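Please read the structure below before turning to the comments.
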Amino acid sequence: MRVRFRRAPPPTMRWVMPLIALVLLIIRHAVHNAKGNDAISLRSSKDEMVPVYELPPTFSIEPSHLTPIDPSTLIPKGSYSIDLVHRKGHLHTGHVLYVMDAA
Numbered sequence: 672m673r674v675r676f677r678r679a680p681p682p683t684m685r686w687v688m689p690l691i692a693l694v695l696l697i698i699r700h701a702v703h704n705a706k707g708n709d710a711i712s713l714r715s716s717k718d719e720m721v722p723v724y725e726l727p728p729t730f731s732i733e734p735s736h737l738t739p740i741d742p743s744t745l746i747p748k749g750s751y752s753i754d755l756v757h758r759k760g761h762l763h764t765g766h767v768l769y770v771m772d773a774a
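Residue numbering for the sequence shown follows my numbering, starting at 672 and increasing by one per position.
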């Protein structure tokens, strides 16, 4: 039985695969950093601005976290990035999404 060894690719072909991988990484990076794409903006929410509120003086104590409050009673205090709002603990409105398994 004769053993055949696989030949090494020609020297000019050795750089093709790394070049293709580099181009694909650059394209992926450009797509993920694109502005204005809805699918991407859901993933990167640091630039998303949300309205910040203050409780009216009628509240004697601050309600516990996620307590439902009538939004019409809140006093607007401007808009800030969602990242800053969460880090500083400012009062803001939001939505809750429940995902349930139907199986």
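Glycine is no exception: its CB is placed at the ideal position from the N, C-alpha and C atoms.
Just so you know, these numbers come straight off a predicted model, no measurement behind them.
Residue i versus residue j: straight-line alpha-carbon distance, rounded
i    : j    : result
R675 : M771 : 57 angstroms
E725 : P689 : 55 angstroms
H766 : W686 : 50 angstroms
H761 : A692 : 44 angstroms
T738 : M720 : 22 angstroms
I694 : V702 : One point to set straight first is that residue 694 is Val, not Ile, in the sequence displayed. V694 and V702: Cα-Cα distance of roughly 12 angstroms.
I746 : R699 : 42 angstroms
Where residue i falls, given that 16 or more other Cβ within 10 Å makes a residue buried
i    : result
V723 : buried
S735 : exposed
V756 : buried
Backbone secondary structure at residue i - three-state DSSP
i    : result
V767 : coil
S743 : helix
P689 : helix
V694 : helix
Integer Cβ distance of residue i from residue j, believed to fall under 8 angstroms
i    : j    : result
T764 : P728 : Not confirmed; about 19 angstroms, so no contact.
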